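Everything in the sequence shown is counted per the working numbering, starting at 194 for the first residue and increasing by one. Cβ coordinates follow ideal geometry from the N, Cα and C atoms, glycine included. Since the model is a prediction, treat every value here as computed from it, not as a measurement.
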Amino acid sequence: MFCDDFVWGVASSAYQIEGRDKEDECGKIIWDTFAEAGKTADGHSAEVACDHIHRYKKDYALMRLMGVKAYRFSLNWARILPEGTGRVNEKAIALYRDMVQEMRKNNIEPYITLYHWEFPQALQDKGGWLNAESVDWFAEYARVVSENFSDLCKYFITFNEPQCFVGLGNLSGEHAPGLKLPIKDVFQIAHNVLKAHGKAVINLRKYAKQLVKVGYAPTCSMAYPATDSKEDIEAAKKALFGFFNPVEKWTWNVSWFSDPVFLGHYPEEGVEKYKEYLPEITQEDMKLISQPLDFMGQNIYNGYMVSADADGKPVFESRKPGYEKTAAGWPVTPEAIYWGVRFLYERYEHPMYITENGMSCHDVVSLDGRVHDPNRIHFLDMYLSELQKASDDGVDVKGYFLWTFLDNFEWDKGYTERFGIVHVDFETQKRTVKDSAFWYQRVMETNGKELSINKLMRQILFLNPIFKKMVWGGERLKTEFEYDTTSRDVGECWGISAHPHGDCEVKEGFYKGKKLSELWRKLPGLFGNYDAENFPLLVKMIDAKEDLSIQVHPDDKYAGMHEGGSLGKTECWYVMDCDEDARLVIGHNAETKEQMAQMIEKGEWEKFIREIPVRRGDFIQIDPGTVHAIKGGLMILETQQSSDITYRLYDYGRMVNGKPRKLHLDKSMDVITVPSNDINKDVENTLGLNANSMNVLVSNEYYTVWKLEVAKDFTLSQDYPFMNMSVIEGDGLINGQFIKKGDHFVLPADFGLIELHGKMQLIASAVKII
Numbered sequence: 194m195f196c197d198d199f200v201w202g203v204a205s206s207a208y209q210i211e212g213r214d215k216e217d218e219c220g221k222i223i224w225d226t227f228a229e230a231g232k233t234a235d236g237h238s239a240e241v242a243c244d245h246i247h248r249y250k251k252d253y254a255l256m257r258l259m260g261v262k263a264y265r266f267s268l269n270w271a272r273i274l275p276e277g278t279g280r281v282n283e284k285a286i287a288l289y290r291d292m293v294q295e296m297r298k299n300n301i302e303p304y305i306t307l308y309h310w311e312f313p314q315a316l317q318d319k320g321g322w323l324n325a326e327s328v329d330w331f332a333e334y335a336r337v338v339s340e341n342f343s344d345l346c347k348y349f350i351t352f353n354e355p356q357c358f359v360g361l362g363n364l365s366g367e368h369a370p371g372l373k374l375p376i377k378d379v380f381q382i383a384h385n386v387l388k389a390h391g392k393a394v395i396n397l398r399k400y401a402k403q404l405v406k407v408g409y410a411p412t413c414s415m416a417y418p419a420t421d422s423k424e425d426i427e428a429a430k431k432a433l434f435g436f437f438n439p440v441e442k443w444t445w446n447v448s449w450f451s452d453p454v455f456l457g458h459y460p461e462e463g464v465e466k467y468k469e470y471l472p473e474i475t476q477e478d479m480k481l482i483s484q485p486l487d488f489m490g491q492n493i494y495n496g497y498m499v500s501a502d503a504d505g506k507p508v509f510e511s512r513k514p515g516y517e518k519t520a521a522g523w524p525v526t527p528e529a530i531y532w533g534v535r536f537l538y539e540r541y542e543h544p545m546y547i548t549e550n551g552m553s554c555h556d557v558v559s560l561d562g563r564v565h566d567p568n569r570i571h572f573l574d575m576y577l578s579e580l581q582k583a584s585d586d587g588v589d590v591k592g593y594f595l596w597t598f599l600d601n602f603e604w605d606k607g608y609t610e611r612f613g614i615v616h617v618d619f620e621t622q623k624r625t626v627k628d629s630a631f632w633y634q635r636v637m638e639t640n641g642k643e644l645s646i647n648k649l650m651r652q653i654l655f656l657n658p659i660f661k662k663m664v665w666g667g668e669r670l671k672t673e674f675e676y677d678t679t680s681r682d683v684g685e686c687w688g689i690s691a692h693p694h695g696d697c698e699v700k701e702g703f704y705k706g707k708k709l710s711e712l713w714r715k716l717p718g719l720f721g722n723y724d725a726e727n728f729p730l731l732v733k734m735i736d737a738k739e740d741l742s743i744q745v746h747p748d749d750k751y752a753g754m755h756e757g758g759s760l761g762k763t764e765c766w767y768v769m770d771c772d773e774d775a776r777l778v779i780g781h782n783a784e785t786k787e788q789m790a791q792m793i794e795k796g797e798w799e800k801f802i803r804e805i806p807v808r809r810g811d812f813i814q815i816d817p818g819t820v821h822a823i824k825g826g827l828m829i830l831e832t833q834q835s836s837d838i839t840y841r842l843y844d845y846g847r848m849v850n851g852k853p854r855k856l857h858l859d860k861s862m863d864v865i866t867v868p869s870n871d872i873n874k875d876v877e878n879t880l881g882l883n884a885n886s887m888n889v890l891v892s893n894e895y896y897t898v899w900k901l902e903v904a905k906d907f908t909l910s911q912d913y914p915f916m917n918m919s920v921i922e923g924d925g926l927i928n929g930q931f932i933k934k935g936d937h938f939v940l941p942a943d944f945g946l947i948e949l950h951g952k953m954q955l956i957a958s959a960v961k962i963i
């Protein structure tokens, strides 16, 4: 959750949404000229855009309906000062004042950006930002803004993304005014812009009619560490504030545009690297540029991963194949917002606002008349969750402005990108609220409670199995199930386990890398808040190349008294595969305790143990006190209490490292049930059970176990605290995700409907609901 006074808003710029009117007396800006020259996508201009100057009252009403409480918008410099200086356009003043008053009627706090790239063409004709007089031009504009709007608005931002309008506009020529100036001239432009910022801050405060708060909103791709190691974190920080770009792309830099503003000097590394290009920089310049600010804005959309080499130098990691992208082709990297604000706050120590963040999607109005944009919801959820994490870790994050409210004119991309949470039909100007707007409304209303970081993500928990080498282990777990094991004598695969001797890890999704025990301990809601100290069940696969030792398990009471409070062990077996003449040890032939003791003391094992024939598909319940053993050639799926308390009664005289394995004769004789259960109750064959049905194999106080044979399509509801599932044959889909023989996973509480497709057999288990 964010702080109680956290600011939730949306952002826009004047030129991208306003449009024009024949009588508005607005001056021409550099983007008008750029569009007229055919340099925008499809040759489109912002002549109409969203027609906001005629529709703003309805747009603000729509913002109110969607719960927006703050709006960051820009003023068009050339609308207010058509020639850039001198004559003030009173129509523009009246329009913008009415806009702000209308915002307030709708309970929306205005945040005014002075410059979001609306540079007057009249001033560009005089040299633009390269002209030293541009500092005073902008200062005059700031005075007019303060004089006319500071009574209605107390939050002001000087520049939006200087890296973009300096570099893209004057170095690469991709943006207006479309220039490719010498590098030395671009450094002069950047210096003039920063001086203009400082002088604007002075005038905003000097001519304000109330106490105002002033900030600045740069941008850049953010570096984030490949791991949480100290070395990678330091390397990412070096990359973010360093100078690793070639000089042809020098404007994509954080510290050059922020160090002078917040620290009062240009970064030494940059000064040294670019010394041949730099203009004269005086102490008076730096004092002007570093005027005190109330907050730092930062526009963050994406980032890049950095690791450290052996010397601690940054290594710029390649993006993984098929990495997630927005419709604009930008990488989706939510980590960038966490590490970005963290690194910026550590360096500049100013309260922070995310002044822009959002994504372009391929949005369309569907046949139901709505705009479904789940990708945007997913994007925003991930980024905002990372922002909250940064806030939780101590970064003073004051607010967040989503880019943007309305689909708009996206600069050189024209109308080909849709960043809005409200769809705009640019022919009819019809507004359609997208799904993401309703989602964002809930986020704002709950102060972030709606975010995944504050909720249990009820995803399928696919687990990485734990493998155990055994003296009797075989090769089938490797050869038939294609498990990635290094050994060929693996006897056990612990597919679902949170036991200390084998704690499975989630292999993908939201909880990737988390141990099952950690989720049980920290997120009990995932498991229905089931009342147990530890995850209560363990599911394993057993491949017996040779006979296992003859064993018996204690019950909870006995184990609690003799095994340090451990659970006992109740288990059941499903025979996945076996030879035609396969047999199991189930029970014994002693009628009394005395007879049992005599048989054991005399070593009359063939007389004592009871073997029964089994076949594929047999199911056997093994209660505490039952003498049992799996014999060679069997493949078993075992569901049990999460305990490894086993008393070994007999091991055929096998030696390990030259010594016989330890036996537990006294404890075994303490717990063996005498006489054994009726042999006819021990085994049930499950072949021929109903397809597409949850067939109960056993239900006791510890677990319920089902067999499910999917014939084609089957839907069921997960109504238990959690449900374990193991695929024992075939393959298919579960809720659209591919599963195959040997996969193990947990369905969390309140998961809802489960849709299974394909042809496969599964064994499921859950704790019994009391």
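Residues bridged to residue i by DSSP?
i: residue 409; result: 489
i: residue 353; result: 410
i: residue 500; result: 508
i: residue 524; result: 518
i: residue 383; result: According to DSSP, residue 383 bridges with nothing at all.
i: residue 545; result: 489 and 590
i: residue 820; result: Residue 820 is not bridged to any residue.
i: residue 897; result: 892 and 959
i: residue 964; result: With the chain covering 194 to 963 only, the question about residue 964 has no answer from this structure.
i: residue 265; result: 204 and 304
i: residue 776; result: 806
Can you tell me whether residue i is buried or exposed? The criterion is at least 16 other CB atoms within 10 Å of its CB, across all chains shown.
i: residue 567; result: exposed
i: residue 254; result: exposed
i: residue 881; result: exposed
i: residue 911; result: buried
i: residue 482; result: buried
i: residue 904; result: exposed
i: residue 559; result: exposed
i: residue 381; result: buried
i: residue 435; result: buried
i: residue 516; result: exposed
i: residue 615; result: buried
i: residue 806; result: exposed
i: residue 692; result: buried
i: residue 831; result: buried
What number of angstroms, rounded off, separates the C-alpha of residue i from the C-alpha of residue j?
i: residue 848; j: residue 735; result: 21 Å
i: residue 890; j: residue 924; result: 22 Å
i: residue 833; j: residue 694; result: 15 Å
i: residue 258; j: residue 493; result: 27 Å
i: residue 498; j: residue 367; result: 26 Å
i: residue 219; j: residue 596; result: 25 Å
i: residue 302; j: residue 280; result: 29 Å
i: residue 431; j: residue 658; result: 39 Å
i: residue 773; j: residue 737; result: 15 Å
i: residue 804; j: residue 901; result: 28 Å
i: residue 587; j: residue 489; result: 16 Å
i: residue 341; j: residue 290; result: 8 Å
Hey, quick one: how far does the beta strand (DSSP E) through residue i stretch, first residue to last?
i: residue 834; result: 828-834
i: residue 741; result: Where residue 741 is concerned, there is no enclosing beta strand (DSSP E), given that its DSSP letter is neither H nor E.
i: residue 802; result: 802-806
i: residue 472; result: It is not in any beta strand (DSSP E) - residue 472 carries neither H nor E in the DSSP assignment.
i: residue 924; result: 915-927
In terms of alpha-carbon separation, which member of the options lies closest to residue i?
i: residue 319; options: 297, 276 and 291; result: 276
i: residue 656; options: 427, 447, 631 and 707; result: 707
i: residue 949; options: 429, 930, 281 and 492; result: 930
i: residue 959; options: 921, 421 and 913; result: 913
i: residue 724; options: 651, 623 and 895; result: 895
Could you tell me the boundaries of the alpha helix (DSSP H) in which residue i lies?
i: residue 259; result: Careful: residue 259 lies outside any alpha helix (DSSP H) and carries neither H nor E.
i: residue 340; result: 327-342
i: residue 786; result: 786-795
Is residue i close to chain C? Criterion is C-beta to C-beta, closer than 9 Å.
i: residue 483; result: Absent from the structure: chain C. Only one protein chain is present.
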